[in-house]
Each structure stands twice: as structure tokens, then as C-alpha cells.
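K.L.:
Numbering-wise (UniProt numbering), the sequence shown opens with residue 1 and increments by one.
For every residue, glycine included, the Cβ atom is placed at its ideal position computed from N, Cα and C.
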Amino acid sequence: MFLQVLRDYKESFLFRCILACLSGGMYVLSFYPLCFWWLTPICIVVLYSSFVTASSLKLSVLVFFTFCISVMLSASLWIVDAMHSFTGVPSVWLMISVCLFFSFVIILFLPGFVLSFTLDHSPLAFAASFAVSEYLRSHYAVGGTWFSFGYSQTPPSPLSVWAPILGMNGINFIMIFFCASFYRVVFRREAIFPRSILFFIFILLSMFLRGVSWTHKIAGSSHKVLLVQPNLPVSSISDDIPLTIFKVILRYQLLMNNFSSADWVVFPEAGIPFTVDEPSDVFWSKLVKRLFRNFNRAPYLISGVHQRVDGLYYNSMVLVNPSGCVDRVYRKFFLLPLGEYQWPWLRLFLNPWVSKIRSYSSGDDHQPPMFLDKEAIAGNICYENAFSDYVRDRGEAATILLTMSNDAWFGRSAAPHMHFQVGQMRSLENGRPTLFISNSGPTGYIGVDGNAKSLPLFQAAVLETVVSGYSGKTPFQRFHGDTGVLIASLVCLSVLSIKKLRRQPLPFINSRNLSDSSFSAVTSEFCDREDDE
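1) Per DSSP, what kind of secondary structure is S56 in: helix, strand or coil?
2) Is it right to say F172 is buried, meaning 16 or more other beta carbons lie within 10 angstroms of its own, or is it exposed?
3) Quick one: give me the first and last residue of the alpha helix (DSSP H) that L198 is part of.
4) What is the DSSP secondary structure of R512, reduced to helix, strand or coil?
5) I'd like the span of the alpha helix (DSSP H) that includes G271, first residue to last.
6) Our contact map puts V114 next to R137 with C-beta atoms below 8 Å; I'd like the distance itself, whole angstroms only.
7) Please list the segments of the alpha helix (DSSP H) lying wholly inside the segment 389 to 431, counting only runs of 4 or more residues, in order along the chain.
8) Within the same chain, show all residues whose beta-carbon is closer than 6 Å to that of R426, passing over the 5 residues directly before and after it, in chain order.
9) Are there 16 or more other CB atoms within 10 angstroms of the CB of S23, so buried, or fewer, so exposed?
10) What did DSSP end up calling E375 once you bin it into helix, strand or coil?
11) When DSSP labels each residue in this structure, what does W264 get in the three-state scheme?
12) For L463, report the span of its beta strand (DSSP E) as first-last.
13) Identify the continuous beta strand (DSSP E) that holds Y252 and give its terminal residues.
14) What's the C-alpha gap between V248 and L291?
15) Checking the sheet assignment: what are the DSSP bridge partners for F436?
16) When burial is assigned at 16 or more other CB atoms within 10 Å of the CB, is W38 buried or exposed?
17) Please report the distance separating the alpha-carbon of L166 from that of G481.
18) Tell me which residues share the same chain as L319 and place their Cβ nearer than 6 Å to its Cβ, disregarding the 5 neighbours each side in the sequence.
19) Does the contact criterion of 3 or more C-beta pairs under 8 Å hold for the segment 261 to 281 versus the segment 294 to 313?
20) Residue range of the beta strand (DSSP E) that Q229 falls in?
21) Determine the direct distance from the alpha carbon of G469 to that of S221, and round the result to whole angstroms.
22) Excluding sequence positions up to five away, which residues of its chain have a Cβ less than 7 Å from the Cβ of G423?
23) Let me check one thing: in DSSP terms, what residues is S303 bridge-paired to?
24) Does S213 pass the burial test, meaning 16 or more other C-beta atoms within 10 Å, or should it be called exposed?
25) Express the C-alpha separation of E190 and I498 in angstroms, rounding to a whole number.
26) So does the segment 145 to 156 actually touch the segment 188 to 208, counting three or more Cβ pairs closer than 8 Å?
27) Anyone know if the C-beta pair for L428 and A163 falls short of 7 Å?
28) Verify whether the separation of the beta carbon atoms of G444 and Q229 is less than 7 Å.
29) Measuring alpha carbon to alpha carbon, tell me which of F420, Y360 and Q477 ends up nearest P456.
30) Within a Cβ cutoff of 7 Å, which residues of the same chain sit near A397, ignoring the five residues on either side of it in sequence?
31) Excluding the 5 residues preceding and the 5 following M26 in the sequence, name in chain order all residues of the same chain whose CB lies nearer than 7 Å to its CB.
32) Would the beta-carbon of S70 fall within 7 Å of that of C35?
33) Cutting at 7 Å between CB atoms, please list the residues of its own chain near L159, excluding the five before and the five after it.
34) Rounded to a whole number of angstroms, what is the C-alpha to C-alpha distance between H417 and Y32?
35) For V309, which residues does DSSP report across the bridge?
36) What does DSSP give as the partner residues of P337 in its beta bridges?
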């Protein structure tokens, strides 16, 4: 009796929702700082089993919605906390806005999910539909892909070797495909031999790829770099005592006093946390002389700063030469919702508070790299490195990637660690080293193999490292990044859909219980109709 009740409960819809909710919450643990990357395949198998055992499309969608809400709320509460702390917006209104945004993100998955259900959630259909949905999310949900399955597979995960070939979304595809195939083999006993052979071949290829280098170091390219993590306090709108330029310069002076030489010095996003009017050569000239007076030779300085040009505000990255003149400027293209601009619908909810937040202008989407000491540096500010195609387009012409951020807004949440993990994936995809610099951390150097060294968070410190430029193209760059995965996924879905349609019987014939006599009767009736017409 008890076993029967337990069996019925395991097959109930409520049990599936609880399982999906738990797996969604556990999935977040696969990211940094814990980096339990092996949890991701387990959570995918649990999620897939809930899909294929659901009795209807409606129940499958509800299970999927439960999983997504669990993931996004577990991994994104820092958005609510940060905005409440630094803007004063009530948490209730922020939670409503965040839930509305996440609902839009989930809606982007529904077309592919419905198609996958129509195709019986076969492993290939499920993986392809998910890849298409992830592409839509990355392009129409302002980079909201931080929680994608693929990002959890940076080193030490063995799947990281596929990043230079397929990218993050391609890792999504193969991981979902093999997890779904695993469920079909173990719990459904379907196509055991061919799927086992395919998995064995995949393991051999993964082992082979560990020794492949897609890009190569440029001969004679070696630069001593100081990555400065100032750990400046983040000022909120309501602060009565603002941060002054003298306090900022004093902090940098104390950090620079321990060094006498460097080729480049890099400050984080808004490393000079004030608005500087252009032209600004006088300001930078005085700053360089003051900060690097103990250096044998003044280095190049790369810093984040807020610029005002012709009445427009930009979140910028500037390259200042040893003489104190600005050689290059990169202006942020992908602006951050809430922080740098506000959606019109959002003002309906939060107008009394967001009206205090300054709106920034977007830079050009085709800005050349910064050329420095025969290196081409592709800069990204804040969450711009979450847009893989944007980084790929600019990374092809670059030898080094540079990401500036100010993740102090997110406190001691997992957000800064996740952001650093995104930077690791971009290095793997493009075969370029990344200099990742943040106000409060993580600040570090990421190699072309995705391995990194970094400073502790929330400490004022300097990371001294040597960086070399890399040239060449990875397959991810050659085959247009996520677009190649999208095309392959659409082809798979098209082929599976055509095969599904061909297997459908004619509407007036029941193919399951069709005897010879009944077939003759149907044929005769059809011929009689033709004669009457």
C-alpha cells in the first residue's frame, strides 16, 4: 500500500515540479565560486526526465517554467539587492520588474520547446531547440545568458576543450544531447549500442582536442602589465559624503608606490569615478605625472572613465600615452538596463527613483581595437563580454582581450565570480588571453586555455603579470560563432520535422488496425468518390 502511494506520488505533476525546482536551485552551484561543474549534467538529466514523462505539453511547459524561475531567482537576487542598495528603489517594485523581465526571457524558449515536444523530445530535437532558444536569449534579452549551461563548463571541466570549436552555445548543444541520450539509454533502453558508440567517439575526440592549439603566441610579444584593483567604495545616489578626486588619487598613489616599472597599467571601469569633459589631455597629463613619478619610465595607462562630449555622456575606456595624451577611446556599446538607461515600460513602475539615474549614450558598434606596442587590444566594458558574437567580431582583429568592470555593485554575491567565468569562456572561444580588471574583484589574467590567476576580492591590490599577444583563428571564429550553431540546429530541426510529417498516416486511415479487407473498403470508397465527381 505504502509503495503504491509512493509510486503514484513519484509519477505526479507536483513531484516533477518539486524536482525541477530543486534541480534549478542546485544548478547554480555549478558556477563559480564553488564550480561544481559536474552538477550541470545531473540537473539536465533530471529536467529532461520531467519533460518526457509529462502527459501533455501544458504540464511540460509548467515544469520548464518552474526550473527556469528557480534558476533565475537563485542566481539573480543580487540584481534586486544591488538596485535597492544604490538607488533606493523599493525591493517589491524591483522584484516585480525582474520577474517581468525573466518571464520575457522564458517566453523566448517556448517556440523551440513546443517544437521539441512535437518531435517527442528526442535528444537531437531537444538539444537543437534549446540551442535556438539560447541564441534568441543572447540577442534579445540584453545578454541575459549568464546562467546558460555552457558557462559552467570552463576549466576544470573536460568539455572546455570544445569552446574554441563550438563556443558556449555549442557546448550547450552537445551537453544537452548526451544528457538526453543518457536518459534514453539508461531509463528507456533505447538505441543502446549506437548511442554508446557515439559517446565513446566523443570521449576520444575530447581527449585528442586537449593537445590542440588553435592560435599561437606572437614572437617577441611580451609586456609587463599592472592590473590595479583599487576597491573604491561605490557611492549610492543618497550618499551625503561623495568620493573626491583627491581620495581616489591617493588610493592609486599608495598602490603604485611599490612598483618602479611597467609597460602598461590598467584601471577598472570608472577607475576615475568622475565625469571628465573632452578634451581632457590636461587632466590626464597631471594624473600620469603624479601617479608614476616613482617609475623609471612612465607606462601607458588604460582606464575607465565617464566622458561628457557635446552634452552626451559615455561610459568609456581611454588609452593614455606616457606623455599624458589620449591616444584611443572606446565607448561602451551595450548599455546596462536600469544602470545606464531605462526601458520606457520600466519608468511606469520606477519613475520616482530611476529619474535620478543618469542616462548614457551608446558608442559606435564598429569601433577598432586599441593599438599599443604592436598589440591590438579589444576592450569590453562591464557585461559586454556576455555578447559572444560581439566579442568574436572584435576579437578577430585583436591579439589581446580586455574586460573592465565594476562588480562592487553586486556585493558578495556570486555575480562577480560568474562574470569572471564569462571572461574565461570568451578567451577559450577566441584563442586570446584576457586581462580582466574590476574595482573590487575579481581581477586577473586569463590564458588562452581558460586557466586564470586572480586577486582576492574586496582588497586593494595590484596584480603584476606578463601578457603576450596571440594570432590565428579558432574554428569558432572561422564559422561565425553562435551563428554556425544556430544554422546547424535549424537544419536538424527541419530534417526531424520532415521525417515526422512523412511518418504521419493519412487522416482517414488508422494505420494501427488496418486489415487487408478494411484497406480494400477504404480504397473502394475513395474510388467511388472520384467517379461521382
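P.N.:
A quick look at the data gives this:
1) coil
2) Checking the displayed sequence, the identity of residue 172 turns out to be Asn instead of Phe. Looking at its Cβ environment, which holds 16 or more other Cβ atoms inside 10 Å, N172 is buried.
3) Looking at the DSSP string, the run of the alpha helix (DSSP H) that includes L198 is I192 to L209.
4) Low confidence applies to R512: its pLDDT is 44, below 50, so where it sits in the model is not reliable enough to give any reading.
5) It is not in any alpha helix (DSSP H) - G271 carries neither H nor E in the DSSP assignment.
6) That pair is no contact at about 16 Å.
7) 415 to 430
8) If we look at R426 and ignore the five residues flanking it on each side, its Cβ neighbours are N385 and V391.
9) buried
10) strand
11) strand
12) A461 to V467
13) It is not in any beta strand (DSSP E) - Y252 instead sits in the alpha helix (DSSP H) that spans I245 to M256.
14) 11 Å
15) F436 pairs with T403 and G444.
16) exposed
17) 7 Å
18) I302, D327, R328 and M370, listed in sequence order.
19) yes
20) Here the beta strand (DSSP E) through Q229 covers H223 to Q229.
21) 6 Å
22) Once the five neighbours on either side are set aside, the close Cβ partners of G423 are N385, T403, T434, F436 and I446.
23) According to DSSP, S303 bridges with V318.
24) exposed
25) 22 Å
26) Verdict: no, contact absent.
27) Cβ distance < 7 Å, so L428 and A163 count as in contact.
28) no
29) F420
30) P369 and A376
31) L39 and C43
32) no
33) Q153, I171 and M175
34) 5 Å
35) DSSP, once it has assigned bridges, lists L312 as partnering V309.
36) Y341
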